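Colleague: Sequence order for the protein chains is A and B. Here our numbering runs 152 ahead of the position in the first sequence, where the first position is 1. Here our numbering runs 1 ahead of the position in the second sequence, where the first position is 1.
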Amino acid sequence: MARAWPAIILGALLAYLVLVPLGFLALSSFRPTGLPFEPGLTFANYAAVYGAPGFSRLLGDTLVFAGGSVAIALTLGTILAWLVERTDMPGARLTRALIILPMATPPLLMAIGWAMLLSPRSGAINVWMRDLLGWAPFNAYSMGAMIFVQGLALTSTAFLFLAPAFRNMDPALEEAALASGASTLTLFRRVLIPLLRPAVMAAAIFLLIVGFVVFEIPGTLGMPARIFVLSSQLFYLANEAPGGIPLYGQVGALATLFLALLLGLGFVYRHFTREAARFRTITGKGFRPRRMRLGRWRHAALGLVALYFTLAVVLPVGMLAWMSLMPFQARPSWAALSMVTLENHRDLLDSPRVLEAAANTLLVAGIAATLVAVLSTLISWVTVRLRAPGSAVLDALSFLPIAIPGVMMGVALIYVYLTLDPIIAIYGTVWILIVAYATDYLSFGTRAAGGVMVQMHPELEEAGRTSGASGAMVLRRITLPLLWPAIAGIWIWVLAHAMRELSTALMLQGRDNQVMTTLLWDYWQGGEPTRAAAVGVWLVGALLAALIAWQILERRRA
Amino acid sequence: MLSIENLHKRYDKRADAFAVRAVSLDVREGEFFTLLGPSGCGKTTTLRCVAGLEVPDSGTIRIAGQTVFDARGSLPVAKRDIAMVFQSYAIWPHMSVAENVRFPLDAMGITGAAATRRVERALEMVGLAAFRDRPAPMLSGGQQQRVALARAVVKEAKLLLLDEPLSNLDARLRDQMRVELRDLQRRIGTTAIYVTHDQEEAMALSDRVAVMRDGVVVELAPPRDLYLRPRTVFAARFVGQADVLPCTVAARDGALTWLDTPLGRIASAGAPPDGPLSLLIRPEHIAFDAGALNNLHGTITRVVFGGRIVEYLVAVAGAELRVQGTSATLRAEGEAVTLHLPPERCVMVQGEA
Chain A
153 MARAWPAIIL
163 GALLAYLVLV
173 PLGFLALSSF
183 RPTGLPFEPG
193 LTFANYAAVY
203 GAPGFSRLLG
213 DTLVFAGGSV
223 AIALTLGTIL
233 AWLVERTDMP
243 GARLTRALII
253 LPMATPPLLM
263 AIGWAMLLSP
273 RSGAINVWMR
283 DLLGWAPFNA
293 YSMGAMIFVQ
303 GLALTSTAFL
313 FLAPAFRNMD
323 PALEEAALAS
333 GASTLTLFRR
343 VLIPLLRPAV
353 MAAAIFLLIV
363 GFVVFEIPGT
373 LGMPARIFVL
383 SSQLFYLANE
393 APGGIPLYGQ
403 VGALATLFLA
413 LLLGLGFVYR
423 HFTREAARFR
433 TITGKGFRPR
443 RMRLGRWRHA
453 ALGLVALYFT
463 LAVVLPVGML
473 AWMSLMPFQA
483 RPSWAALSMV
493 TLENHRDLLD
503 SPRVLEAAAN
513 TLLVAGIAAT
523 LVAVLSTLIS
533 WVTVRLRAPG
543 SAVLDALSFL
553 PIAIPGVMMG
563 VALIYVYLTL
573 DPIIAIYGTV
583 WILIVAYATD
593 YLSFGTRAAG
603 GVMVQMHPEL
613 EEAGRTSGAS
623 GAMVLRRITL
633 PLLWPAIAGI
643 WIWVLAHAMR
653 ELSTALMLQG
663 RDNQVMTTLL
673 WDYWQGGEPT
683 RAAAVGVWLV
693 GALLAALIAW
703 QILERRRA
Chain B
2 MLSIENLHKR
12 YDKRADAFAV
22 RAVSLDVREG
32 EFFTLLGPSG
42 CGKTTTLRCV
52 AGLEVPDSGT
62 IRIAGQTVFD
72 ARGSLPVAKR
82 DIAMVFQSYA
92 IWPHMSVAEN
102 VRFPLDAMGI
112 TGAAATRRVE
122 RALEMVGLAA
132 FRDRPAPMLS
142 GGQQQRVALA
152 RAVVKEAKLL
162 LLDEPLSNLD
172 ARLRDQMRVE
182 LRDLQRRIGT
192 TAIYVTHDQE
202 EAMALSDRVA
212 VMRDGVVVEL
222 APPRDLYLRP
232 RTVFAARFVG
242 QADVLPCTVA
252 ARDGALTWLD
262 TPLGRIASAG
272 APPDGPLSLL
282 IRPEHIAFDA
292 GALNNLHGTI
302 TRVVFGGRIV
312 EYLVAVAGAE
322 LRVQGTSATL
332 RAEGEAVTLH
342 LPPERCVMVQ
352 GEA
């Protein structure tokens with residue numbers, strides 16, 4: 153079976169990238185020292201983690217945090233998507249274009265921006281409120297603030313999931329219901345909601361996975377107040393445990409529970425995306441969606457959209473930009489305006505440490521993006537086109553990383569490459585980050601590439617073969633050029649996400665692989681908020697450039 | 002030119018469902034040969050096995066004397082002396098018209114002036130010379146069809162394979178392309194294997210037609226024989242409208258066979274085949290007057306005016322017959338008529354009515 157070879161090679165590679173780290177993680181949880189290949193077998197780690205008095209609180213806080221932020225994101229995202237796609241709200245097209253702004257704002261920066269606005273003593277808003285009311289009502293370091301900021305951070309993702317579902321709904325389906333004598337209420341209840349349900353459920357579960365996995369906001373806003381969720385607890389055990397020794401065994405024990413939970417969610421998500429694909433009402437004929445007339449509410453709708461952008465982008469990023477121009481953490485005021493200086497930015501450009509971090513960031517993101525683009529194309533080619541035996545295994549393996557939190561991936565790779573160090577010496581280098589990101593973003597890449605491959609009629613390639621072209625020539629002259637826009641889209645998406653990722657980079661941080669986000673974290677944690685702000689401004693600029701390129705590519709494909 | 006022996010193909014190796022079962026065909030040089038049948042009958046699978054896009058389970062395929070598939074192995078698609086036109090046209094959207102047509106020449110290593118000349122000639126042949134630099138997505142369906150055709154003929158392969166190439170065109174264009182296709186095939190003298198589910202297309206184009214059903218060739222004949230003297234009920238019904246009645250042989254009388262039918266005793270010209278018999282008569286062969294034999298009296302129960310032709314349902318003793326007339330003479334519902342079934346058009350076919 154020559155057909156099986158590509159599947160076997162890719163399967164082995166995926167198993168190495170995905171299963172080996174998870175296996176090491178599981179193994180370490182049964183070792184007294186927490187190192188996977190030291191002798192001994194114990195359940196003490198499980199007892200320590202699950203028997204700890206704070207465990208139920210950890211579980212509860214994680215659920216509240218993930219559930220609360222997803223509820224906010226889903227509500228806001230649905231309203232925005234509906235306003236933009238199905239109403240006559242003014243500025244709908246502009247809103248759709250501007251949605252990349254919150255995407256270009258890394259959650260870490262959103263958290264730092266909001267910390268500068270809402271910190272109990274020095275936060276700008278709190279200070280103003282105290283001047284005005286004699287009372288500072290907000291606290292950035294609280295569960296409420298964590299949920300609020302995370303909800304804002306996830307809203308653009310929710311919007312991107314739901315907008316196509318609203319847009320692609322054939323108005324003929326609604327007209328058919330109205331022509332059947334349905335009232336508006338019946339229309340909503342019997343037609344629109346059931347049609348949207350799979351897309352909304354898929355979005356909800358995807359967001360829930362992200363909510364369980366994210367570290368940036370709980371790490372920035374929760375840890376100072378000793379509010380822990382899963383990801384920050386993993387980080388804490390691995391980095392800042394009392395006694396200074398990483399409790400890897402406990403990390404492994406904690407990770408196994410959440411991995412099971414997340415994998416369950418992952419497969420529920422896959423079920424709903426398949427159902428959503430089945431419901432997609434693309435008929436090929438052009439249609440114009442029915443838009444609801446908002447009347448007097450048009451301006452209220454616009455106000456809501458403006459409020460969202462203010463909270464998600466303008467306030468936090470504006471605050472960062474302001475701070476990056478200040479010699480010390482001074483809140484915005486006319487008096488402070490005279491202190492404006494470019495010193496922080498000039499310092500950055502002079503600092504070898506910053507330049508190295510910037511170079512590392514581009515190197516890591518660029519290579520990881522290339523690896524994901526190539527691997528995703530090959531994997532979907534094998535699973536969709538070749539339909540080689542074992543395709544289902546490949547598909548599942550490439551999807552699995554979606555459920556692995558960045559912190560967990562970091563810890564697992566520490567085990568793997570400390571153990572393999574004599575053979576593959578990449579521990580502490582940029583290469584370990586590249587491996588981590590290539591694995592992490594494979595689930596996005598394979599899904600995107602597979603989707604395009606499914607839409608590409610097989611006869612296009614068969615016509616190449618009956619024209620007398622070899623397999624390699626068909627791939628080079630037909631398949632790759634046709635897939636090119638999709639591959640480029642995947643490349644930029646991974647580039648942007650690898651550039652803004654913090655938790656994995658933090659776990660795998662060594663002397664030679666500092667990136668922009670870890671540098672930012674160090675400045676922020678080390679009490680240099682103005683420098684952190686300056687790094688953040690440059691990062692937002694770079695992400696914005698990448699995301700604009702992505703949007704242009706996506707639009708050209710449509 | 003093409004010879005297929007005992008071809009078998011199953012998609013699911015565990016199930017006993019054959020896509021193609023024991024198909025054997027011999028196609029002569031220069032012939033326009035059609036595989037005709039309903040969807041799922043195995044016609045496209047057979048064609049794809051010839052192209053090499055599917056690997057058969059067993060059998061032998063030879064193209065121009067060269068064995069391309071047998072028990073020992075399968076020749077890769079690229080090495081087979083074939084060209085193919087696909088149902089979806091499969092025009093590469095990232096190339097211009099000329100680039101699409103030139104691709105097979107690139108694949109064969111033909112470049113430079115020789116290639117340009119062949120591309121020009123192929124485009125002229127399909128009437129698209131003026132469109133050579135047009136990006137492929139900016140073509141109408143009919144033009145895309147022509148590009149696909151030019152891309153196939155430019156290869157000058159011994160065997161041209163066509164998989165329902167006209168089925169995505171609208172009716173008027175389909176009629177026009179049908180004529181062009183036949184002319185083109187005659188002009189370049191290539192052997193063509195054509196797959197379709199449209200019996201009119203098969204009739205108009207082919208030298209011979211193989212009717213397939215459930216992976217098996219049911220009947221193989223030139224179009225005229227297939228239509229006028231089919232051997233089976235399935236083929237008779239598939240290639241045109243048919244009144245089919247159960248019958249048994251009552252007597253033989255020289256060249257005539259007398260049949261007992263629900264209509265009474267009917268004379269049929271010819272000798273009966275073996276097995277269970279049915280009587281086939283096509284609606285347009287029934288005449289509204291009396292002849293020497295096979296005259297029936299009946300009443301018109303329904304009239305469907307179709308413009309060029311008018312369809313009647315006539316109740317006669319024991320059955321209802323569909324009869325076709327022209328709009329030259331119009332008859333009304335309830336009218337009493339005499340029908341004549343010419344014995345040479347009363348055909349005995351195998352199978353239950």
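Every residue gets a Cβ at the ideal spot worked out from N, C-alpha and C, and that includes glycine. All figures in this text were calculated on a predicted structure; none of them were measured in a lab.
1) Residues of the segment 180-214 of chain B with a CB closer than 8 Å to any CB of chain A: list them in chain order, please.
2) With A657 of chain A and L585 of chain A assumed to form a contact (beta carbons below 8 Å), what rounded beta-carbon distance in angstroms separates them?
3) What residues in its chain sit with their C-beta under 6 Å from that of V305 of chain B, if we drop five residues either side in the sequence?
4) Would P224 of chain B pass as a contact of V350 of chain B if the rule is Cβ separation under 8 Å?
5) Does V127 of chain B come within less than 8 Å of chain A when only Cβ atoms are used?
6) Using 8 Å as the threshold, is the C-beta distance between W643 of chain A and A510 of chain A below it?
7) Could you spell out the range, first to last residue, of the beta strand (DSSP E) harbouring A222 of chain B?
8) Looking at chain B, is there any beta carbon in it that lies within less than 8 Å of the beta carbon of H609 of chain A?
9) Decide if F424 of chain A is buried, meaning its Cβ has at least 16 other Cβ atoms within 10 Å, or exposed.
10) I630 of chain A touches chain B at which residues, Cβ-Cβ below 7 Å?
11) Who pairs with M139 of chain B in a beta bridge, going by DSSP?
12) What residues of chain A sit near R135 of chain B, judged by a beta carbon separation below 7 Å?
13) I need the DSSP call for V155 of chain B, collapsed to helix, strand or coil.
14) Please report the residue range of the beta strand (DSSP E) in which F70 of chain B lies.
15) Can you pull out the residues from the segment 103-126 of chain B whose beta carbon lies closer than 7 Å to at least one beta carbon of chain A?
16) Please list, in chain order, all residues of the same chain as Y569 of chain A whose beta carbon is under 7 Å from its beta carbon, the five residues on each side excluded.
17) Counting only beta-carbon atoms, is F289 of chain B nearer than 8 Å to chain A?
18) Just grab the DSSP bridge partners of Q296 of chain B for me.
19) Between the alpha carbons of I301 of chain B and R346 of chain B, how many angstroms are there, rounded?
20) Can you give the beta carbon distance from A233 of chain A to L314 of chain A, rounded, assuming they're within the 8 Å contact cut?
21) What separation, rounded to the nearest whole angstrom, lies between the Cα atoms of L386 of chain A and A698 of chain A?
22) Are G542 of chain A and G163 of chain A close, meaning C-beta to C-beta below 8 Å?
23) Let me know if Q677 of chain A comes out buried or exposed under the rule of 16 or more other beta-carbons within 10 Å of its beta-carbon.
24) For G371 of chain A, tell me which candidate among A:T257, A:A267, A:L228 and A:V606 has the shortest Cα-Cα distance.
25) Quick one: which chain A residues come within Cβ less than 8 Å of I83 of chain B?
26) Can you tell me the Cα-Cα spacing of R483 of chain A and W287 of chain A, whole angstroms?
27) Give the DSSP-derived three-state secondary structure of W259 of chain B in the structure shown.
28) Are the segment 150-167 of chain B and the segment 84-94 of chain B touching, with three or more C-beta to C-beta distances below 8 Å?
29) Could you tell me whether any Cβ in chain B is nearer than 8 Å to the Cβ of S622 of chain A?
30) Nearest by alpha-carbon distance to E29 of chain B: which of B:A99, B:A149, B:V245 and B:G190 is it?
31) With distance defined between alpha-carbon atoms, name the residue in A:L360, A:A590 and A:R537 nearest to L515 of chain A.
32) Rounded to whole angstroms, what's the CA-CA distance from G438 of chain A to L347 of chain A? Just pull it up for me.
33) Roughly how many angstroms separate the alpha carbons of A685 of chain A and V216 of chain A, rounded to a whole number?
34) Report all residues from its chain with a CB closer than 6 Å to the CB of T682 of chain A; omit the five preceding and five following residues, and keep chain order.
35) I282 of chain B: which of B:L206, B:E121 and B:Q242 sits nearest, CA to CA?
36) Let's test the definition: count the other Cβ atoms within 10 Å of the Cβ of S181 of chain A and tell me whether it reaches 16, buried, or not, exposed.
Modeller: From the atom records:
1) none
2) On the first sequence, position 505 is the one that residue 657 of chain A refers to. On the first sequence, position 433 is the one that residue 585 of chain A refers to. The pair is a contact, with the Cβ atoms about 6 Å apart (cut-off 8 Å).
3) For the purposes of this step, residue 305 of chain B is taken as the residue at position 304 of the second sequence. Counting only Cβ-Cβ distances below 6 Å, and skipping sequence neighbours, we find E312.
4) Along the second sequence, one-based indexing puts residue 224 of chain B at 223. Along the second sequence, one-based indexing puts residue 350 of chain B at 349. No; because the gap between Cβ atoms is not below 8 Å, this pair is not in contact.
5) Locating residue 127 of chain B in the second sequence gives position 126, where the first residue counts as 1. It does not: the Cβ of V127 of chain B has no partner Cβ on chain A nearer than 8 Å.
6) Your numbering for residue 643 of chain A matches position 491 in the first sequence. Your numbering for residue 510 of chain A matches position 358 in the first sequence. Contact: no.
7) In the second sequence, residue 222 of chain B corresponds to position 221, counting from 1. Unbroken beta strand (DSSP E) run through A222 of chain B: V217 to A222.
8) Taking the first residue of the first sequence as position 1, residue 609 of chain A is located at position 457. True, the Cβ-Cβ gap to chain B drops below 8 Å.
9) By 1-based counting over the first sequence, the position of residue 424 of chain A is 272. That one is buried.
10) Sequence index remark: in the first sequence, residue 630 of chain A carries index 478 (1-based). Going along chain B in sequence order, the residues near I630 of chain A (Cβ under 7 Å) are W93.
11) One-based indexing of the second sequence puts residue 139 of chain B at position 138. Paired residues: none, contrary to the question.
12) On the second sequence, position 134 is the one that residue 135 of chain B refers to. Those within 7 Å of R135 of chain B in chain A number zero; the least Cβ separation is about 18 Å.
13) Sequence index remark: in the second sequence, residue 155 of chain B carries index 154 (1-based). Correct three-state label for V155 of chain B: coil.
14) Translated into the one-based positions of the second sequence, residue 70 of chain B becomes position 69. Unbroken beta strand (DSSP E) run through F70 of chain B: Q67 to D71.
15) F104, P105, A108 and M109
16) Locating residue 569 of chain A in the first sequence gives position 417, where the first residue counts as 1. Answer for Y569 of chain A: I576, I578, Y579 and I584, listed in chain order.
17) Working through the second sequence from its first residue, we reach residue 289 of chain B at position 288. No - not a single Cβ of chain A is within 8 Å of the one on F289 of chain B.
18) Position 295 of the second sequence, counting from 1, holds the residue named residue 296 of chain B. It should be pointed out that residue 296 of chain B corresponds to Asn in this sequence rather than to Gln. Looking at the DSSP assignment, N296 of chain B forms a beta bridge with B:H341.
19) Your numbering for residue 301 of chain B matches position 300 in the second sequence. Your numbering for residue 346 of chain B matches position 345 in the second sequence. Answer to the nearest angstrom: the Cα atoms are 22 Å apart.
20) Stepping through the first sequence from its first residue, residue 233 of chain A is reached at position 81. Stepping through the first sequence from its first residue, residue 314 of chain A is reached at position 162. Indeed, because the Cβ distance is near 4 Å, the residues count as touching under 8 Å.
21) Residue 386 of chain A sits at position 234 when you count from the first residue of the first sequence. Residue 698 of chain A sits at position 546 when you count from the first residue of the first sequence. Roughly 31 Å between the two C-alpha positions.
22) Counting from one through the first sequence, the residue named residue 542 of chain A turns up at place 390. Counting from one through the first sequence, the residue named residue 163 of chain A turns up at place 11. It is a contact, given that the beta carbons lie within the stated cut-off.
23) Mapped onto the first sequence, residue 677 of chain A falls at position 525. Exposed, by the Cβ-count rule.
24) Position 219 of the first sequence holds residue 371 of chain A. Comparing Cα positions, the closest option is A:A267.
25) For the purposes of this step, residue 83 of chain B is taken as the residue at position 82 of the second sequence. Result: T618.
26) Residue 483 of chain A sits at position 331 when you count from the first residue of the first sequence. Residue 287 of chain A sits at position 135 when you count from the first residue of the first sequence. If you take the alpha carbons of R483 of chain A and W287 of chain A, they lie about 17 Å apart.
27) Looking up residue 259 of chain B in the second sequence gives position 258. In the structure shown, W259 of chain B sits in a strand (DSSP, three-state: E or B).
28) yes
29) Walking along the first sequence from the start, residue 622 of chain A turns up at place 470. For S622 of chain A, the answer is yes, since a Cβ of chain B falls inside 8 Å of its Cβ.
30) Working through the second sequence from its first residue, we reach residue 29 of chain B at position 28. The sequence shown places Arg at residue 29 of chain B, rather than the Glu named in the question. Nearest option by C-alpha distance: B:G190.
31) Taking the first residue of the first sequence as 1, we reach residue 515 of chain A at position 363. Among A:L360, A:A590 and A:R537, the Cα nearest to that of L515 of chain A belongs to A:A590.
32) Taking the first residue of the first sequence as 1, we reach residue 438 of chain A at position 286. Taking the first residue of the first sequence as 1, we reach residue 347 of chain A at position 195. Unreliable placement is indicated for G438 of chain A, whose pLDDT of 45 sits below 50; no coordinate value is reported for it.
33) Position 533 of the first sequence, counted from the start, is the residue given in the question as residue 685 of chain A. Position 64 of the first sequence, counted from the start, is the residue given in the question as residue 216 of chain A. Each residue's alpha carbon lies about 30 Å from the other.
34) Position 530 of the first sequence, counted from the first residue, corresponds to residue 682 of chain A. Once the five neighbours on either side are set aside, the close Cβ partners of T682 of chain A are M475, M478 and N496.
35) For the purposes of this step, residue 282 of chain B is identified with residue 281 of the second sequence, where counting begins at 1. If we check each option's Cα against that of I282 of chain B, B:Q242 comes out closest.
36) Mapped onto the first sequence, residue 181 of chain A falls at position 29. So S181 of chain A counts as buried.
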